[in-house]
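According to the UniProt record's numbering, the sequence shown holds residues 1 to 122 in order.
Just so you know, even glycine gets a beta-carbon here, dropped at the ideal spot from N, CA and C.
Below: the structure, in structure tokens.
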Amino acid sequence: MTLEVLFMLGLLVATLTVFALELFPMEVTAFGVLAILLVTGIVDVEHAVVGLSNPAVVTIGMLFVLSHALTKTGLLEVAAGRLSRMVGPRKWLGVAIMLVTVSLSSAFLNNTAVVAMFIPLA
């Protein structure tokens, strides 16, 4: 094994340990590892940022921002209140309405973002 392979294995073990123990927020750990790989020259800048420029990543990020905005403005609470009043004691009806709404949304939006938007309603 070369020194580079040993370094990568050590970095991988350290990264997994930090993720598992949650010593830092996940994004701090991920970008920290990326910075280490950049500084050591194992990854060049072009390859380091290629994933961030992917339209799918940008779209999911913007949908998370939208989800947070909907939660922060209280719109989701209003929707949850109306749904609760509409279904009354019939919880199965609420689940059915959520199922149809989430299914239709998932047809046009990324599933991860749809889940992020509808979790506060559940």
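The region 37-45 and the region 67-84 do not touch, with fewer than three beta-carbon pairs separated by less than 8 Å.
For Leu93, the three-state secondary structure derived from DSSP is helix.
In this structure, Val114 is the residue among Glu46, Ser103 and Val114 with its C-alpha nearest to the C-alpha of Leu76.
Trp92 and Met86 have their C-alpha atoms some 12 Å from each other. When C-alpha distances from Ala56 are compared across Met117, Asn110 and Leu121, the shortest belongs to Asn110. Judged by DSSP secondary structure, Glu27 falls within the alpha helix (DSSP H) whose first and last residues are Met26 to Thr40.
For the 8 Å CB-CB criterion, Thr59 and Val33 do not form a contact.
Taking Leu63 as the centre and dropping the five residues before and after it, the same chain places the C-beta of Ala113 closer than 6 Å to its C-beta, in chain order.
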